[in-house]
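K.L.:
In our numbering, the protein residues as written are 1 to 561. Have a look at this one.
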């Protein structure tokens, strides 16, 4: 355990771990414990730690030092939990586990907060320095080699676009050649958000422009120099020969961030990239909060329909009459005072319609949907004219659809129409190895949204996050990170004590465990659960976990199961 001084002033909380020896507290920059407050003298007090105890001495400050509400004029011993005051700033001495002072995961937002304040609503890039490093080390040498080998401008445009899309956290990239009265699009990857104007980077007098979609102004500022350098690389290749042409290169969209490290989920997304190229329907099963809509959006972005609308509807959120009005639309005069409006099928024409919780749909509505899917057209409620509805349907449910099919609550003909590819997303408790990356991603995003330079997640907190069963799955983890960030200060690690009691109390991880030990324990739990579910059948458990049988046998031996 380590002693720590917790200081609160103006809505801020400062945390100073106390090392053995003498520490000077004050407002001067050279102080060991710097407290920037107008009631704190430049050299206000001296703290000494010895034999696990703390002694405080006032250094002749203007506003004095108090311990337990009494002003001191001689060195005074401070007990754990006792309150102090340095001028108008309150403090308390506390004990903290060493594992809550050691980072399991560090975030880039702490560096961003020190360099530049984040405007309200901005979200910084996820590990901006890491993205630039990946581009520089993994992609730039190949780009320069291609340039030296005489690559054409078209080839450089395609290489640069693919490299940016692979390394920079953006929604999409386009590289185009500007011509008189027209534009030649040479590379397009991902999708540029229609609700936010993409950044355009070109060179004065140059023939090329790079468009790239960022989520925030902070990302635009951070990556502008890199995108500018990429535009220069393309421009340098314009005289190296070869016909620019009109060939458009399109690549699959980047995987959802952060990328999964669980083989079963990696295989699902690899299969999704293949399935997306066709036009078959998809049924995604899984518990609430497992990322079904995230996968549905990936399927849309990876498909030829990516440039059209993605329309989502939660079928469990509305009663039957309102659900049918939302799905099929309403004709003017269908009821008193009702104006005409299109339904989701019309809005998704030529695009993708995502029907979430389709297992909650009434049988009559199921029959109407089946007809629309078979005919490719829809009649509004109260209408007599067919309207086009050539949609790709992706459905999702957390219900036991097999049981519903068996007892007739879900139509088998509709099931066969919507489930050309039927898959199940595993719950978060079955993919615990993803928890560190997911938690860090959500914490960094929320920290950037609130302008907090959080340092990362402590080993103790990470152990608790991995051990918790997460009945609400990824959505629950996301909301927990959104809550805890409100209690963090710049440069502070998320500690186990700041997690909700139900989460922090479930962990049985020893305080000294490292991250690898925590992950091994999570893997051991997942393998045991798979073996139990398979009745001890290792090949069946391997299939359920999405790993090779040889891999599972090797891990069983390594983990001493």
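Beta carbons: idealized from backbone N, C-alpha and C, even for Gly.
Below 8 Å, can you find three or more Cβ-Cβ pairs linking the segment 284-292 to the segment 313-331?
P.N.:
no
K.L.:
With a cut-off of 8 Å on the beta carbons, I'd call residue 299 and residue 394 a contact; round off their distance for me.
P.N.:
Going by Cβ atoms, the distance from residue 299 to residue 394 rounds to 6 Å, so yes, they are a contact pair.
K.L.:
Classify residue 77 as buried or exposed, calling it buried when 16 or more other Cβ atoms lie within 10 Å of its own Cβ.
P.N.:
exposed
K.L.:
I think residue 211 touches residue 192, with their Cβ atoms under 8 Å apart; what is that distance to the nearest whole Å?
P.N.:
6 Å
K.L.:
Per DSSP, which one or two residues make a beta bridge with residue 379?
P.N.:
386
K.L.:
Note down, in chain order, each residue of its chain lying with its Cβ closer than 8 Å to the Cβ of residue 511, except the 5 sequence neighbours on either side.
P.N.:
Residue placement at residue 511 cannot be trusted, given a pLDDT of 47 that sits under 50; what the coordinates show is reported in the next sentence. Within the same chain, residue 511 has close Cβ partners 97, 98, 99 and 460.
K.L.:
Within a Cβ cutoff of 6 Å, which residues of the same chain sit near residue 201, ignoring the five residues on either side of it in sequence?
P.N.:
210, 227, 228 and 231
K.L.:
Checking 8 Å against the spacing of the C-beta atoms, do residue 574 and residue 39 come in under that value?
P.N.:
Residue 574 lies beyond the stretch modelled for the chain, which goes from 1 to 561, so this question has no answer here.
K.L.:
Can you find the residues in the same chain that come closer than 8 Å, C-beta to C-beta, to residue 161, ignoring five residues on each side of it along the sequence?
P.N.:
Excluding positions up to five away in sequence, the list reads 173, 174, 175, 186, 187, 188, 189, 210 and 249.
K.L.:
Taking the alpha-carbon positions, what's the residue 277 to residue 268 distance?
P.N.:
15 Å
K.L.:
Cα separation between residue 458 and residue 262?
P.N.:
23 Å
K.L.:
Measure the alpha-carbon distance for residue 137 versus residue 473 and round it to whole angstroms.
P.N.:
35 Å
K.L.:
Taking the Cβ atom as the reference point for each residue, do residue 264 and residue 311 lie within a distance shorter than 8 Å?
P.N.:
Result no, Cβ atoms of residue 264 and residue 311 do not sit closer than 8 Å.
K.L.:
Would you kindly report the start and end of the unbroken alpha helix (DSSP H) that includes residue 501?
P.N.:
501-504
K.L.:
Sort 450, 101 and 419 by Cα distance to residue 494 and report the nearest one.
P.N.:
101
K.L.:
In chain order, what residues of the same chain have a beta carbon less than 6 Å from the beta carbon of residue 435, not counting five sequence neighbours either side?
P.N.:
465 and 466
K.L.:
On the criterion of 16 or more Cβ atoms from any shown chain inside 10 Å, does residue 561 qualify as buried, or is it exposed?
P.N.:
The residue is exposed, with fewer than 16 neighbouring Cβ atoms inside 10 Å.
K.L.:
Count the C-beta pairs between the segment 363-376 and the segment 395-415 that are closer than 8 Å, then say yes if the count reaches three, no if not.
P.N.:
yes
K.L.:
Taking the alpha-carbon of residue 294 as reference, which of 281, 488, 255 and 270 has the nearest alpha-carbon?
P.N.:
255
K.L.:
According to DSSP, which residues form a beta bridge with residue 165?
P.N.:
DSSP lists no partner for residue 165.
K.L.:
Leaving out five residues on either side along the sequence, give the residues of the same chain with a beta carbon under 6 Å from the beta carbon of residue 114.
P.N.:
Residue placement at residue 114 is poorly supported in this model, since its pLDDT is 42, which falls under 50; the coordinates still yield a value, given next. Cβ neighbours of residue 114 beyond the five flanking positions: none.
K.L.:
Looking at the structure shown, is residue 70 part of a helix, part of a strand, or coil, going by DSSP?
P.N.:
strand
K.L.:
If you reduce the DSSP assignment to three classes, tell me which class residue 332 lands in.
P.N.:
coil
K.L.:
Say whether the segment 50-65 touches the segment 29-37, bearing in mind that this needs 3 or more beta-carbon pairs closer than 8 Å, one atom from each stretch.
P.N.:
no
K.L.:
One question on the structure: do residue 15 and residue 492 come within less than 8 Å of each other, judged by their Cβ atoms?
P.N.:
yes
K.L.:
Below 8 Å on the Cβ atoms is my guess for residue 253 versus residue 302; work out the distance and round it to an integer in Å.
P.N.:
6 Å
K.L.:
To the nearest angstrom, how far is the alpha carbon of residue 419 from that of residue 208?
P.N.:
44 Å
K.L.:
Who are residue 44's beta bridge partners in DSSP?
P.N.:
Looking at the DSSP assignment, residue 44 forms no beta bridge with any residue, so it has no partner.
K.L.:
Helix, strand or coil for residue 249 per DSSP?
P.N.:
Bear in mind that the predicted position of residue 249 carries a pLDDT of just 40, short of 50, making it too unreliable to give a figure here.
K.L.:
Straight-line CA distance for residue 274 to residue 320?
P.N.:
35 Å
K.L.:
What three-state label does DSSP hand residue 395 in the structure shown?
P.N.:
strand
K.L.:
Indicate whether residue 437 and residue 169 have their beta-carbon atoms separated by less than 8 Å.
P.N.:
no
K.L.:
State the DSSP-derived secondary structure class of residue 260, mapped to helix, strand or coil.
P.N.:
coil
K.L.:
Return helix, strand or coil for residue 33, following the three-state DSSP convention.
P.N.:
strand
K.L.:
Tell me the residue span of the beta strand (DSSP E) that contains residue 538.
P.N.:
Taken as a continuous stretch (DSSP letters only), residue 538 belongs to no beta strand (DSSP E), being part of the alpha helix (DSSP H) at 538-545.
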